[in-house]
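Scroll down for the structure; my scribbles are underneath it.
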Amino acid sequence: MPKTSKTCKNPIQAIKINIEGVRKLLSKVNSSKASGPDNIPNRILKECAEQLAPSLATIFQLSLDSGELPSDWRDANISCIYKKGDKHQAESYRPVSLTSVSSKLLEHIICRHILKHLEKNKILTTLNHGFRSGFSCETQLLTTMNELLINYDKEKQTDLAILDFSKAFDTVPHQKLLHKLSQYSIRGSTLSWLTSFLTRRTMRTVVEGEKSEAVPVECGVPQGTVLGLLLFLCHINDLPDSVTSQVRLFADDCLLYRQINNYGDQEKLQEDLHNLQKWANDWGMRFNAKKNATS
1 MPKTSKTCKN
11 PIQAIKINIE
21 GVRKLLSKVN
31 SSKASGPDNI
41 PNRILKECAE
51 QLAPSLATIF
61 QLSLDSGELP
71 SDWRDANISC
81 IYKKGDKHQA
91 ESYRPVSLTS
101 VSSKLLEHII
111 CRHILKHLEK
121 NKILTTLNHG
131 FRSGFSCETQ
141 LLTTMNELLI
151 NYDKEKQTDL
161 AILDFSKAFD
171 TVPHQKLLHK
181 LSQYSIRGST
191 LSWLTSFLTR
201 RTMRTVVEGE
211 KSEAVPVECG
221 VPQGTVLGLL
231 LFLCHINDLP
241 DSVTSQVRLF
251 ADDCLLYRQI
261 NNYGDQEKLQ
271 EDLHNLQKWA
281 NDWGMRFNAK
291 KNATS
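Shown next, in the form of structure tokens:
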């Protein structure tokens, strides 16, 4: 396995489920949204929160302690939403993944617990403003524009490269992601559960009520899940450490830039582009050449 620059010595604490916490999550379920592959109506989960909470809390704790996710909670129904372009081409559609709502409730608990561990130990880079509390597209834009305008006021040239991962969420290699999580001291039953969460998943396409045969999902972080976004952030977390130029990240978008004072700075920026490509190769990711740009 490649070495990651981010490590942690403090092990993550075991997760303890309490009934009241589960009841609160059930009461916040959006009853107007579609149910997952298990076809349990959201309205039932919400309106029967008081009655369901004790049983679900027991199931959640057993799932965590055993490091196993129920197989039905690994299924996903994929609906295709038309974006633009030729309606006969798959690229013209955006896939929307529906997963078990019960699984999402457990994911909420685990996600908060992992995020607390990462932030307490200062593991997550502050250079990625995507999917994090207190950060947004606006905060990233303001920070970046401030730095670029400072260079502009000094009449300094700034060269930049805009990079985009190709099918970022769908291509994350499970074993390399799990290796990184272990380096962040996410181990024991929590890591076992995350392994179960990532592997042996299936998905099927649903069109006008008709379902295709289920097919296995061999890689990627599960879309339509609560944990998928956080796991992706963990996977690309050490990317900024592979370069000497400035890096700004928002989810799967990457901006690399450098103040140019001489030809040597241009060479360093080019070297950093090679370093990013090496990082991508090491960690099983690919940049989309069609969407990349320089300025």
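Each residue of the sequence shown is one higher than the one before, counting from 1 in UniProt numbering.
C-beta: ideal position from N, C-alpha, C; glycine also.
What's the C-alpha gap between Gln-13 and Gly-188?
9 Å
So, helix, strand or coil for Glu-119, using DSSP?
helix
Thinking just about the alpha-carbon of each residue, which of Lys-46, Asn-10, Pro-216 and Leu-56 is nearest to the one in Lys-122?
Of Lys-46, Asn-10, Pro-216 and Leu-56, the residue nearest in Cα terms is Asn-10.
Closer than 8 Å: is that where the CB of Leu-148 sits relative to any heavy atom of the ligand NAD?
The ligand NAD is not part of this structure, which contains no ligands at all.
Which of the three DSSP states, helix, strand or coil, is assigned to Tyr-152?
Residue state, collapsed to three classes: helix.
Within the same chain, show all residues whose beta-carbon is closer than 8 Å to that of Arg-286, passing over the 5 residues directly before and after it, in chain order.
Phe-165, Ser-166, Lys-167, Thr-171 and Ala-280
May I have the straight-line CA-CA distance separating Phe-60 from Ser-102, to the nearest angstrom?
9 Å
For the alpha helix (DSSP H) containing Ala-49, name the first residue and the last one.
49-66
Does the region 222-236 come close enough to the region 190-206 that 3 or more CB-CB pairs lie under 8 Å?
yes
Compute the beta-carbon to beta-carbon distance between Cys-234 and Lys-180, rounded to the nearest angstrom, for a pair I have assumed lies under 8 Å.
6 Å
Would you call the region 91-107 and the region 14-33 in contact, with 3 or more CB pairs under 8 Å?
yes
Is it buried or exposed for Asn-39, if we count other Cβ within 10 angstroms and need 16 for buried?
exposed
How about the region 268-276 and the region 253-260: do they share at least three Cβ pairs that are nearer than 8 Å?
Segments in contact, yes.
Is the beta carbon of Ala-76 less than 9 Å from the beta carbon of Arg-204?
yes
Could you tell me which residues DSSP puts in a beta bridge with Val-207?
BP columns for Val-207 point to Glu-210.
Which of the three DSSP states, helix, strand or coil, is assigned to Pro-95?
In the structure shown, Pro-95 adopts extended strand secondary structure according to DSSP, grouped into three states.
Which two residues bound the contiguous alpha helix (DSSP H) that contains Ala-168?
168-171
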